[in-house]
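Going by this note's numbering, 0 is the number at position 18 of the sequence shown; the sequence numbering is gapless.
Note that the Cβ used here is the ideal one computed from N, Cα and C, for glycine as well.
Just so you know, these numbers come straight off a predicted model, no measurement behind them.
Everything on this sheet refers to the single structure shown next.
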Amino acid sequence: MQRRKKKAQVVMFVHDLIICIYLFIVITTRKTDIRCRFYYDCPRLEYHFCECIEDFCAYIRLN
């Protein structure tokens, strides 16, 4: 019985961890209205990682 409880706690912890990481990624990602076709079309910003997602530049803050 104790093993089953521990397994359930581990599964719940992993589930919560995944949700927290997902929320962090969503909050730190910002889509702009700058259109692009490739990664190189996006203007570079200091302390940001940029990529072309669905024909728009998206920026992720690095610090």
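Mapping the DSSP letters down to three states, classify CYS18 as helix, strand or coil.
Here residue 18 refers to the residue found at position 36 of the sequence shown. Coil.
Taking the Cβ atom as the reference point for each residue, do LEU44 and TYR29 lie within a distance shorter than 8 Å?
Stepping through the sequence shown from its first residue, residue 44 is reached at position 62. Stepping through the sequence shown from its first residue, residue 29 is reached at position 47. Yes, Cβ-Cβ distance for LEU44 and TYR29 is below 8 Å.
Relative to the C-alpha of THR14, which residue among CYS32, CYS2, LEU(-1) is closest?
Here the question's residue 14 lines up with position 32 in the sequence shown. Of CYS32, CYS2, LEU(-1), the residue nearest in Cα terms is CYS32.
How is CYS2 classed by DSSP in three states: helix, strand or coil?
As a position in the sequence shown, residue 2 is number 20, starting the count at 1. Here CYS2 sits in helix by DSSP.
Rounding to the nearest angstrom, what Cα-Cα distance links ALA(-10) and ILE16 in this structure?
In the sequence shown, the residue the question calls residue -10 occupies position 8. In the sequence shown, the residue the question calls residue 16 occupies position 34. If you take the alpha carbons of ALA(-10) and ILE16, they lie about 45 Å apart.
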